[in-house]
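Structure first, commentary second.
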Amino acid sequence: MNALQTHGDESALTPLQARRLRIHTVHESVVFLRSDSPVCKAEGLGTQVRVAVRSGAREIMATLYQVEGEALGVDEAGLSESAWNQLAINDGDPVSIRHPQPVDSFSALRRRIFGLRLDDTSLRMVISDIAGGRYADVHIASFLAACTTLPLDLDETRSLTRAMVDTGVRLDWGAPMVLDKHCVGGLPGNRTTPLVVAIVAAHGLVIPKTSSRAITSPAGTADTMETLAPVDLPIERIRQVVEKEGGCIVWGGAMQLSPADDIMIRVQRALDLENDGQMVASVLSKKVAAGASHIVLDIPVGPSAKVRSAAAADHLEQLMKAVASDFGMEMVVHRSDGRQPVGRGIGPALEAHDLLAILEGAPDAPLDLTERACALAGILLEMGGKAAAGEGAALARETLADGRALRKFEAICEAQGGRRVPPVAPLRQTLCAPEAGEIATIDNRRLARLAKLAGAPETACAGVEMHVRLGEKVDKGQPLCTIHSASKGELEYAQAYAEANSDILLLVPF
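Here you go:
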C-alpha cells in the first residue's frame, strides 16, 4: 500500500510522516516528496502539481515539489511553513496526500482569459475557490491579468464585490450609522486615518477603522499605528474598544473580512497590476464586511499618484459610487492634490511622529497633513450630523486645537493595549541640493522606493524624512531629505539609489 489516497477509499492507504522543513514560501502552501516516493511513482505525480494534504480533520491544497537525495525520507512529506501552520501538526504526525477534487471554476477562468465576460455565478465560483485555497498563485495571477487586459465592467465589478463579501465575515456594530474612510493610495506619508478616527470619535460617532499593512508602499496605516499601540486584536477585543471609545485603528488582516481579497492583493503586489474594477471590489468588499454605512473616499490625483488624471478619477468615482449604492452605503468622494508626499515622514515611525506632532499641537506640525485630515474628518462630521454643510472642516480643526482629538486618540490607544513610543533610526544620511533652484516635481513612486530600500516598512524606524515641498526655492547645500535606516547596508543601498535617481526631487536651477 502507498500513501496516496483516492476519493473512493480514504482508509486504504498508509499515511506519510510530516516533517517541518522551515521553508518560507510566503502564503503558498508547498509539500515536498522524494522523487522516488511510492506516491509519485504510483500516481505519476510530477513536480509543481496541486495536491490535497490531510492531517486529521484538516485538509489544505498545496503545490507538490520533488526532491532528490537523502534530505527527506522516502516515507516523509516535507512541509513549508505555510502548510505546517495551516495543518497545525507536529513532526512525525501522519499526513495523507491525494489528488484534489476538480476545480470547476477553472472553466470560468479560461473563459475570462479568452476575453469573455463572467456572470454572477461564475465569479462566485472563482472567488470561492480562491478563498478556499484551491487556486495556486499562477491561477490567481491569470485571473488578475485577464481582468486587467479586459477591464471588469460594472456588472462584473458588482458581482465580484458581492462574491468577495460573501466569502468572509460581516461585522454588525449595532449602530444606525457606522462611519469609515478610505484613500485609494499612491501618496507617501498620507497617514490621515488615525487623525480622522480621533476627531470623529471625539464627537460620539462610531468609526471602527480596520486598516491594512503596506502592500506596495513604505507604510500602511496598520504599520504606522502599530508603532503607537497594538493593532493585532481579536474581534471580541475590538468590539470592546469600539463600545468604550467609539472608534479603533486596528489591523483587519486576521478578521477574515473579504479573505479572497487578501489573497489576491498578495499576488497583485508581485505583478504590479491594478485596474479600477478590482480596486473597487477590493475596497468596497472590505467596507461592506466591516459594517460601514457612510464612507468618505479620498482620491489623490497626480502624475505619480495611483490616479494620474481627472478623467481617471471621474471613472473611478462613478464606479465606486455605483457599487457602494448597491450595498446601501452612502459615499462622498474627496479629491486631493496627489503631486507630492504628505507630511514629512515616509515610513511607519516617521509618519507616527507626524501624527503626534499634529495631535499635540506642535508649532512645526505638518500643515498639509493636518488640512487633509480635517477635510476628510469634516465630511464625516457633516455626514454624521455633527456639523452643518460646509462647516465640518472648521469643527475638525477646533477638535484638534482644543485637545479633544488628542484625548480620544490616547484613550483609543490605551483601550487597544497601551501607548507605545515610536522607534528612532540609529543611522541617517541627509541628501542636499547640488545647486540653488526650485523644486519642480517630486516623484512619489521613486520616493516610496527609496524609503523601502532604507528598510521600511519591515523596519519600523526606517524611511525618508522630507525637508522641502513642491515649488520651494532652495540654496546650494540645503537639505532636501534625510534617509533613516537601522543598518549600514540598507542605508548605503538607499543612498546609492538616490544618487542614481537624482531627479526624484527635480530641481530647476535659478
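Sequential numbering from 1330 applies to the sequence shown in the working numbering. Backbone N, C-alpha and C define an ideal beta-carbon position, used for all residues, glycine too. Remember, predicted model here, so these are calculated numbers, not experimental data.
{"Check": "Please classify residue 1550 as buried or exposed, where buried requires at least 16 neighbouring CB atoms within 10 angstroms.", "Outcome": "buried"}
{"Check": "Tell me the start and end of each unbroken beta strand (DSSP E) in the segment 1370–1453 that is at least 3 residues and wholly inside, in chain order.", "Outcome": "1378–1384, 1387–1396, 1405–1408 and 1423–1427"}
{"Check": "Can you look up residue 1569 in the DSSP assignment and give me helix, strand or coil?", "Outcome": "helix"}
{"Check": "If you follow the beta strand (DSSP E) that residue 1688 is in, where does it begin and where does it stop?", "Outcome": "Residue 1688 -> not in any beta strand (DSSP E); alpha helix (DSSP H) instead, spanning 1677–1688."}
{"Check": "Anyone know if the C-beta pair for residue 1773 and residue 1634 falls short of 9 angstroms?", "Outcome": "yes"}
{"Check": "In this structure, does DSSP put residue 1665 in helix, strand or coil?", "Outcome": "strand"}
{"Check": "Assign residue 1412 to one of two classes, buried (16 or more other C-beta atoms within 10 Å of its C-beta) or exposed (fewer than that).", "Outcome": "buried"}
{"Check": "For residue 1486, name the three-state secondary structure that DSSP assigns.", "Outcome": "helix"}
{"Check": "Residue 1509: buried (16+ other C-beta within 10 angstroms of its C-beta) or exposed?", "Outcome": "buried"}
{"Check": "From the DSSP output, in three-state form, read off residue 1764 for me.", "Outcome": "coil"}
{"Check": "Evaluate residue 1597 with the Cβ neighbour count: other Cβ atoms within 10 Å of its Cβ, from every protein chain shown; 16 or more gives buried, anything less gives exposed.", "Outcome": "buried"}
{"Check": "Please confirm whether residue 1383 and residue 1432 have their CB atoms less than 9 angstroms apart.", "Outcome": "no"}
{"Check": "From the DSSP output, in three-state form, read off residue 1340 for me.", "Outcome": "Reliability of the predicted coordinates at residue 1340 is poor, the pLDDT of 37 falling under 50, and the value obtained from them is presented with this limitation in mind. Coil."}
{"Check": "Considering only their Cβ atoms, is the gap separating residue 1448 from residue 1347 smaller than 9 angstroms?", "Outcome": "no"}
{"Check": "Taking the alpha carbon of residue 1769 as the point to measure from, which residue in 1834, 1805 and 1736 has its own alpha carbon closest?", "Outcome": "1834"}
{"Check": "My understanding is that residue 1427 touches residue 1391, with C-beta atoms under 8 angstroms, so please give their C-beta distance in whole angstroms.", "Outcome": "That pair is no contact at about 11 angstroms."}
{"Check": "Since residue 1694 contacts residue 1686 with CB under 8 angstroms, what's their CB separation in whole angstroms?", "Outcome": "4 angstroms"}
{"Check": "Is it the case that the Cβ atoms of residue 1705 and residue 1724 are separated by a distance below 9 angstroms?", "Outcome": "no"}
{"Check": "To the nearest whole angstrom, what separates the beta carbons of residue 1667 and residue 1516, a pair I think is in contact under 8 angstroms?", "Outcome": "6 angstroms"}
{"Check": "Start and end of the alpha helix (DSSP H) containing residue 1742?", "Outcome": "1733–1744"}
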